[in-house]
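Trainee: The following block contains the structure, expressed as structure tokens.
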Amino acid sequence: MPTDLRSRKRLATRQGISNAATRLFLARGFDHVTVDEIAAAADVGRMTVFNHFPRKEDMFFDRDEAGRELLREVLQQRDPAISPVETLRLLAHQLIAEQSPYVRFSADSQGFIATIAASETLKARARAIRDEIAQLVAEAMAECVGKPTDDPDAHLAAGLLVATWTVALVQAHAVFKESGDAKAAEARFLALVEQGTVGVRAAVVGTGYV
């Protein structure tokens with residue numbers, strides 16, 4: 002957490018914009034909200050909004066960069082005795098245990114998912130984020146075992162892992178939508194992560210990533 006006043010004010014302004022945008026997006030749909038309306042709701046100028054969020058989609062996916070940094074740190078700081086693939090499997094369990102917003106299944110998260118489903122712009126950005134994260138994970142996995150960042154085995158493992166987590170999240174949200182049971186949704190998420198991780202291990206056995 003930044004300690005200097007300027008950084009704290011900047012973070013507070015960013016959070017205020019994000020909160021105002023989220024309220025409007027969930028209430029009216031992403032495509033029906035303008036940047037000017039977000040600026041007015043956050044009581045800031047239009048350029049202030051763009052200073053913090055270059056794209057309108059960034060206000061919706063406002064946890065994206067923090068999520069990427071988490072993945073980088075987990076892989077870079079992993080115990081050398083624990084493989085990269087196992088490190089990410091353990092991360093899934095840690096996020097559930099900590100009730101991380103990335104794996105929270107609730108009425109609020111249903112609104113988030115529904116807003117994405119109703120917007121082609123958000124769906125396109127979600128796909129792009131998924132691809133960018135796969136690239137990030139591949140490079141971080143390769144670096145942490147001393148291989149080139151373009152190592153094909155790293156990219157295969159990362160692609161399979163990101164696909165696994167994507168399916169696990171989609172299915173877990175579907176469980177919550179049907180049952181309203183967060184624990185059942187969490188169990189579905191972890192079960193699919195475990196199942197997918199078995200496949201990843203088989204795909205890259207003997208490479209150093211498992």
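Numbered according to this note's numbering, the sequence shown spans residues 2 to 211. Think of the CB as a built atom: it goes at the ideal place given N, C-alpha and C, for glycine as much as any other residue. Because the structure is a prediction, the values reported are computed rather than measured.
(1) Within 10 Å of its beta-carbon, does LEU25 have 16 or more other beta-carbons around it, so buried, or fewer, so exposed?
(2) On the premise that THR165 lies in contact with GLY207, defined as a C-beta separation below 8 Å, what is that separation, rounded to the nearest angstrom?
(3) Could you give the distance in angstroms between the alpha-carbon of ALA28 and the alpha-carbon of LEU96?
(4) The alpha helix (DSSP H) with SER110 in it runs from where to where?
(5) Helix, strand or coil for GLN196, going by three-state DSSP, please let me know.
(6) Below 8 Å, can you find three or more Cβ-Cβ pairs linking the segment 176-191 to the segment 139-146?
(7) Distance check for ALA203 and ALA93, CA to CA, integer angstroms please.
(8) Whose C-alpha, out of THR14, THR23 and TYR210, is nearest the C-alpha of MET48?
(9) Would you kindly work out how many angstroms separate the C-alpha atoms of ASN20 and ASP59, rounded to a whole number?
(10) Just list the alpha helix (DSSP H) runs in the segment 69-108, keeping only unbroken ones of 4 residues or longer that don't cross its boundaries, in chain order.
(11) Taking DSSP as the reference, what is the three-state secondary structure of LYS148?
(12) Rounded to whole angstroms, how far is the Cβ of ALA169 from the Cβ of VAL194, which I believe are closer than 8 Å?
(13) Between the beta-carbon of ALA224 and the beta-carbon of ILE39, is there less than 8 Å?
(14) GLY181 by DSSP, collapsed to three states: which one?
(15) Determine the burial state of ARG79: buried for a count of at least 16 other Cβ atoms within 10 Å of its Cβ, exposed for fewer.
(16) Measure the beta-carbon distance from ILE130 to LEU123 and round it to whole angstroms, keeping in mind my assumption that it falls under 8 Å.
(17) Our contact map puts ALA135 next to VAL104 with C-beta atoms below 8 Å; I'd like the distance itself, whole angstroms only.
(18) In the DSSP assignment, find the alpha helix (DSSP H) that holds PHE26 and state where it starts and stops.
(19) Are the Cβ atoms of HIS1 and SER110 separated by less than 8 Å?
(20) Between HIS53 and ILE18, is the Cβ-Cβ spacing less than 8 Å?
(21) Tell me which residues share the same chain as ALA145 and place their Cβ nearer than 8 Å to its Cβ, disregarding the 5 neighbours each side in the sequence.
(22) Alpha carbon to alpha carbon, how far is LEU161 from LEU137? Give it in angstroms, no decimals.
Mentor: Here's the rundown:
(1) Around the beta carbon of LEU25, 16 or more other beta carbons sit within 10 angstroms, so the residue counts as buried.
(2) In this structure, GLY207 and THR165 do not form a Cβ contact; the two beta carbons are roughly 20 Å apart against a cut-off of 8 Å.
(3) Roughly 28 Å separates the two Cα atoms.
(4) Membership of SER110 in the alpha helix (DSSP H) is indicated by the continuous run 108-118.
(5) Three-state DSSP puts GLN196 in a helix.
(6) Fewer than three beta-carbon pairs drawn from the segment 176-191 and the segment 139-146 are found closer than 8 Å, and the two stretches are therefore not classed as touching.
(7) Going by the C-alpha atoms only, they are around 19 Å apart.
(8) Selection THR14, THR23 and TYR210 evaluated against MET48 yields THR14 as nearest (Cα-Cα).
(9) Going from the Cα of ASN20 to the Cα of ASP59 covers about 12 Å.
(10) Counting only runs of 4 or more, we get 85-98.
(11) LYS148: coil per DSSP, three-state reduction.
(12) About 5 Å separates the two Cβ atoms, so the contact holds.
(13) Because the chain in this structure spans residues 2 to 211, residue 224 falls outside the shown range and cannot be described.
(14) Note: GLY181 maps to coil in three-state DSSP.
(15) Flag for ARG79 reads buried.
(16) Beta-carbon to beta-carbon, ILE130 and LEU123 are separated by about 10 Å, too far to satisfy the 8 Å threshold.
(17) Taking C-beta atoms under 8 Å as the contact rule, ALA135 and VAL104 fail to qualify, at a distance of about 18 Å.
(18) Per DSSP, PHE26 belongs to the alpha helix (DSSP H) from 6-29.
(19) In this structure the chain extends from 2 to 211, so residue 1 is not present and cannot be described.
(20) Contact flag set, yes.
(21) It should be pointed out that residue 145 corresponds to Cys in this sequence rather than to Ala. The answer, listed in chain order, is LEU76, GLN77, ARG79 and PRO85.
(22) So the two alpha carbons sit approximately 13 Å from each other.
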